[in-house]
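K.L.:
Heads up: the sequence shown begins at 0 in numbering that gives the first Met the number 0, then just goes up one per residue. Backbone N, C-alpha and C define an ideal beta-carbon position, used for all residues, glycine too. Note that this is a predicted model, so its numbers are computed, not measured.
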Amino acid sequence: MASLRDASDFDAALGCLIAPHMAQLAAQLDDLPGLEASEAVVLTQSLNDSLLELLNAKLSRLLVLELHAAKQAGRLKATDSSARWTEFVQTAARPEFWAQQEINYPTLAARVRHMLTARCQAALQFARHLAQQRPHLDALAGHPLGLLRALSFGAGDSHQGGKTVVLLSFEQGRLVYKPRSVRIDRRLSDLVQTLSARLPGGSSMRVPRVLDGEDHGWTEFIAHRHAQGDAELAIFYRGIGHWLALMRLLSGSDLHAENLIAHGPHPVVVDCETLFTPRVSNPPSGLGDAADQAARLVSGTVLNIGLLPGRGQGLGWRGIDNSALGSLPGQQPMSLQPTILKAGTDEAHIGQVLMPAPAAQNHPSPEPALAQFWGEVLSGFDALTSELQVLDQAGELAPLLVAFEDCTVRVVTRATEVYAELGRMLWHPVSLHQEAPARERACDLMMRMGAQNALAPGRLEVVEAEVEDLLVGDVPMFVTTVAEGELQGPGGTRWLPPQSLAQSALTHWRDADLRLERHVIRAALVSAYINDGWMPAEQSLRVPVVDRERLDERRRIQAARILRELQATAIEGCDRSVAWIAPILGPAGWSVQPLEQDLYGGHSGIALLVASYVKEMQAGRADVIEGLPSLFERLLNTLELAEDKRWLERGRQKKMRPPPPGGYVGVASQIWTWLALEQLGCVDGRAVERACALAELLPEAAQADDMNDLLTGKAGAIVPLLQLARRTGQSGYLAQAVALGDALIAKASWRGEQLYWAHEQWPDGIGGFVHGASGMAWALEHLAKATAEPRFARAAAGAQAFDDALWDEEECNWLDLRGLEGARTAAAWCHGSVGIGLAALALDPELKDPLRRLRVQRAVDASARLGLGWNHSLCHGDASVYALLLRAQRAGVHSQEGDAPALLAQFLASLEAHGPVCGIARNVFVPGLMPGLGGVAYQLLAFHPDSRVPDVLTLGVI
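(1) Sorted by chain position, which residues of the same chain lie with C-beta nearer than 6 Å to LYS177's C-beta, five sequence neighbours on each side aside?
(2) Three-state secondary structure (DSSP) at ASP189?
(3) Is the CB-CB distance between GLY472 and LEU53 below 9 Å?
(4) Check ARG438 in the structure and name its three-state DSSP category.
(5) When you compare the CB positions of ILE605 and LEU296, do they come within less than 9 Å of one another, or not?
(6) Using the C-alpha atoms, what's the distance from ALA117 back to GLY160?
(7) Assuming VAL925 and HIS871 make a contact with CB atoms under 8 Å, what is their CB distance in whole Å?
(8) At the level of alpha carbons, what is the spacing between SER271 and HIS348?
(9) Evaluate ILE102 with the Cβ neighbour count: other Cβ atoms within 10 Å of its Cβ, from every protein chain shown; 16 or more gives buried, anything less gives exposed.
(10) Does the separation of the CB atoms of TRP494 and VAL461 fall below 9 Å?
(11) With distances taken between CB atoms, is the gap from ALA511 to ARG247 smaller than 9 Å?
(12) Is the distance from the Cβ of GLY287 to the Cβ of SER576 below 9 Å?
(13) Counting C-beta neighbours from all protein chains within 10 Å, is the total for VAL544 16 or more, i.e. buried, or is it exposed?
(14) Which complete beta strand (DSSP E) runs does the region 93–169 hold, if anything under 3 residues is left out?
(15) Counting C-beta neighbours from all protein chains within 10 Å, is the total for HIS255 16 or more, i.e. buried, or is it exposed?
(16) Under the DSSP definition of a beta bridge, which residues are partnered with ASN812?
(17) Give me the Cα-Cα distance between ARG205 and GLN360, rounded to the nearest whole angstrom.
(18) Please report the Cβ distance between ALA785 and LEU840, rounded to the nearest whole angstrom; I am assuming they are in contact, meaning their Cβ atoms lie under 8 Å.
(19) For LYS713, is the classification buried or exposed, using 16 other Cβ atoms within 10 angstroms of its Cβ as the cut-off for buried?
(20) Mapping the DSSP letters down to three states, classify TRP749 as helix, strand or coil.
(21) Evaluate the contact criterion for the region 816–824 versus the region 763–783: three or more CB pairs, one atom per stretch, below 8 Å.
(22) By a C-beta neighbour count over all protein chains shown, 10 Å radius and 16 as the cutoff for buried, is ALA776 buried or exposed?
(23) In terms of residue numbering, what span does the beta strand (DSSP E) encompassing TRP217 cover?
(24) Which runs of the beta strand (DSSP E), 3 residues or longer, sit entirely within the region 445–528?
(25) In the structure shown, what three-state DSSP assignment does CYS15 receive?
(26) Could you check where the alpha helix (DSSP H) with TYR663 kicks off and where it finishes?
(27) Using 10 angstroms around the beta-carbon of ASP705, count the other beta-carbons present and answer buried if the total reaches 16, otherwise exposed.
(28) Which whole-angstrom value is the C-beta distance of ALA778 and ILE717, which I expect to be below 8 Å?
(29) Decide if LYS958 is buried, meaning its Cβ has at least 16 other Cβ atoms within 10 Å, or exposed.
(30) Taking only the alpha-carbon atoms, compute the straight-line gap between ARG517 and SER385 and give it to the nearest angstrom.
(31) Would a C-beta distance cut-off of 9 Å place ALA830 and HIS758 closer than the cut-off?
(32) With ASP551 as the anchor, note down where its alpha helix (DSSP H) starts and where it stops.
(33) Is the distance from the Cβ of VAL411 to the Cβ of VAL481 below 9 Å?
(34) So the beta strand (DSSP E) PRO266 belongs to, where does it begin and stop?
(35) Quick check on ILE765: does DSSP put it in helix, strand or coil?
(36) Since ALA397 is in the beta strand (DSSP E), which residue starts that stretch and which ends it?
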């Protein structure tokens with residue numbers, strides 16, 4: 000809650016708690032030889048500011064609560080709201096106020112006193128080191144530094160009794176103080192130099208120069224500097240590839256944005272303490288052996304280093320990319336941060352505001368050119384990996400790792416955000432009032448986490464020691480030496496068995512699947528951009544000369560090729576489950592991980608693809624592929640395992656984050672998949688039973704989710720529920736759909752006759768099918784037809800009016816309100832003309848309504864002109880454009896692209912010339928139905944005039 004101080008004036012109230020500690024520290028500094036008086040003033044003032052920020056974060060909620068208690072009790076006598084605020088702050092600035100708080104908060108005084116004492120002692124220890132080691136610091140800097148002019152405590156988390164990193168500014172330079180040994184930094188720097196000498200052209204990897212003490216260290220300060228031109232950028236990104244290869248060898252982790260600084264062409268790792276992270280096996284997930292294999296593979300790859308882009312999954316960090324290579328400017332979601340609203344008045348209260356992600360110094364250019372240089376990243380990884388293999392074969396690699404054995408390393412057993420959330424809970428006024436239940440709850444949460452994550456401590460005495468640290472504002476810390484391996488935790492606790500971490504890292508590196516490592520690198524690099532709709536600049540995939548011979552034979556060849564690759568990349572479990580690793584879309588955005596169960600890019604969509612191919616194969620409209628029926632059975636088993644696990648945990652009343660409700664990513668997507676599979680005749684009566692069971696999850700899912708769109712939100716659940724109601728004849732599902740429709744309307748805003756849905760990124764609404772108004776109109780009109788309720792018809796008309804108002808005569812397309820650079824309109828299923836046209840056709844297949852016919856004609860023209868040649872996917876590529884053009888032809892709306900054979904010929908020619916491209920990453924097989932190559936095969940099946948594949952683009956039932 001660091002942002003609380005920005006909006007409050009509690010410094011005066013909290014200063015009385017700090018003052019005695021600061022007076023004692025000032026007296027101790029006066030007696031410290033080697034520290035100038037002006038430097039002591041700088042130190043005490045900086046620490047005072049740091050402690051005020053700390054106490055504001057811990058105690059502002061309590062002070063706001065006491066403000067309102069004083070107001071309710073009539074103890075504030077001032078005549079206006081702001082004066083009553085001032086009166087309360089003045090009261091809270093007296094020691095007797097805090098003495099009285101011990102009645103309601105019996106452990107508060109002791110916890111605050113412990114926290115302040117520890118931080119003052121840590122500051123005094125730092126001052127002694129500074130005073131004693133000046134000549135050595137001058138030598139580290141390469142010149143006399145002069146007097147200390149400024150410093151900053153609290154650069155990073157506080158550990159082990161208030162110890163933090165300190166940034167120092169002298170008259171003639173800057174340094175960094177670390178309250179730990181920096182021996183491992185020096186050893187890593189030596190290894191980097193050794194390896195750089197073996198690489199043609201060397202390496203731009205760097206580690207800061209250090210001065211090591213027994214329990215602390217000093218490092219040179221690395222200033223952020225942008226690279227000069229493309230040549231230096233190429234060197235920088237090649238160095239990133241070298242770091243990936245080296246950190247993969249050293250089992251590095253936690254290399255987030257703050258731990259890497261771009262210094263011209265040099266990627267500089269400024270915090271090296273999390274090398275040689277132990278490898279532990281997690282307990283079975285319950286999702287099947289294949290899912291567990293996939294999770295082990297992903298966690299063992301370069302993705303675990305933290306350098307590659309990836310989105311946070313925790314509630315407070317969901318969607319935030321904190322990686323050293325990600326954290327792209329302008330592509331981070333706003334995050335909700337606690338603050339004091341109406342500060343300065345007696346109406347002050349704790350609320351949340353959207354805040355941008357803090358800027359990092361990890362990028363070598365103002366607008367990172369990662370897409371342009373990811374080939375350098377891959378070449379750097381390959382080059383250093385090859386050199387390491389040569390060293391290993393010569394028996395020279397293991398001795399290089401032995402040099403680290405006496406180094407102390409830190410192991411991050413739990414994500415920092417976990418500790419942050421638990422720390423906030425333990426400092427909540429309710430927890431301060433009754434500490435014992437809060438301790439118990441924190442212990443229970445961490446014990447349950449330990450049952451799922453083998454690296455996280457799962458012994459009660461260790462967890463209780465972690466909670467003790469959180470109670471006094473520290474982040475628990477686990478350390479060991481590389482030779483020992485057994486972790487030393489808070490309070491002298493121990494965790495994990497002894498082992499040689501160097502030997503473990505080397506063994507793990509030797510077992511690496513380099514093909515998988517490269518796959519993960521490529522996929523993760525591009526996922527940094529696709530979270531915000533960006534795609535790499537590519538040449539058009541259109542082919543000028545098109546062969547119209549042997550169309551069906553070529554169609555079958557292309558479809559079969561994708562299905563065979565789907566088979567080849569599958570991870571098969573011994574329990575007849577199956578999994579894939581790929582970039583997937585979830586509530587937090589895109590990330591590389593094992594597939595989920597959804598329709599959009601997960602197992603549901605692949606099950607539908609494989610089932611459809613098997614049916615077409617049996618009908619003679621697709622080439623025979625051995626083993627596909629068995630793969631389909633594995634997919635069904637995998638879907639059922641995931642559903643059964645959720646029901647098992649629900650039965651145990653285990654608290655879980657509900658899945659999203661959406662029609663493409665979420666519960667409703669799985670409902671629709673089961674109904675579609677039943678219509679295909681691929682499953683028995685259990686399909687409806689499964690769909691009904693999933694529907695029971697929807698109310699909780701919809702209540703917990705704040706999205707409204709078709710993809711992940713409430714609107715996406717309406718049509719699957721209506722279909723389930725028709726299939727079963729049970730009115731309860733219709734009632735569920737009505738409740739969702741009403742919730743959708745309640746979230747909407749009217750602008751004249753237009754209805755729109757505000758989003759944090761698009762407060763004035765957005766158009767289009769998957770995320771915007773035409774999708775809402777499509778869902779609400781289905782509901783209006785099913786219920787004959789005027790409110791749904793009116794809302795549908797209002798949403799459609801919003802989308803229609805976005806038509807731009809000059810652009811001859813609908814405006815795209817996302818504001819993407821260089822594009823005022825879009826022509827895709829997810830955003831733009833393709834989805835708008837398909838929605839109109841789904842509601843009126845024969846286009847009897849003249850307005851809908853006009854809308855479809857406009858969509859066809861815009862999509863044929865703007866939507867072809869970018870990629871081949873269903874979500875945002877040629878496959879969905881051709882689906883629109885084919886359906887429009889059946890309704891008498893034609894395009895310049897020609898008839899069905901002409902469309903197929905162009906699609907095939909593009910696939911044959913360029914290979915299937917899904918718009919996510921070249922040379923990375925992405926199996927997903929909507930964003931990946933699975934959808935390309937699906938559309939190839941749909942091109943046959945007798946095909947009966949389900950309509951996935953508008954969730955139609957056969």
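P.N.:
Looking at the coordinates:
(1) VAL164 and GLY216
(2) helix
(3) yes
(4) The answer is helix: DSSP assigns ARG438 an H, G or I state.
(5) Contact: no.
(6) Inter-residue distance for GLY160 and ALA117 is about 5 Å (C-alpha atoms, whole angstroms).
(7) Not a contact, Cβ separation roughly 11 Å.
(8) A small correction: the amino acid at residue 271 is Cys; Ser does not occupy that position in the sequence shown. Distance between the alpha carbons of CYS271 and HIS348: 41 Å.
(9) exposed
(10) yes
(11) Yes.
(12) yes
(13) Label assigned to VAL544: exposed.
(14) For the region 93–169, whole beta strand (DSSP E) runs of length 3 or above, ordered along the chain, are 147–158 and 162–169.
(15) Label assigned to HIS255: buried.
(16) ASP807
(17) 15 Å
(18) With a Cβ gap of about 19 Å, ALA785 and LEU840 do not count as contacting.
(19) Buried: at least 16 other Cβ atoms inside 10 Å.
(20) strand
(21) When C-beta atoms of the region 816–824 are compared with those of the region 763–783, three or more pairs fall below 8 Å, so the two segments count as touching.
(22) buried
(23) 216–219
(24) 478–480
(25) helix
(26) No alpha helix (DSSP H) holds TYR663; DSSP gives it neither H nor E.
(27) exposed
(28) 4 Å
(29) Since the first and last residues shown for the chain are 0 and 957, residue 958 lies out of range.
(30) 13 Å
(31) Correcting the residue identity first, residue 830 is His in this sequence and not Ala. The answer is no: Cβ separation not under 9 Å.
(32) Boundaries of the alpha helix (DSSP H) around ASP551: 550–568.
(33) Remark: C-beta atoms of VAL411 and VAL481 do not approach each other more closely than 9 Å.
(34) First-last of the beta strand (DSSP E) with PRO266: 265–268.
(35) Coil.
(36) That residue, ALA397, is in no beta strand (DSSP E); its alpha helix (DSSP H) goes 396–401.
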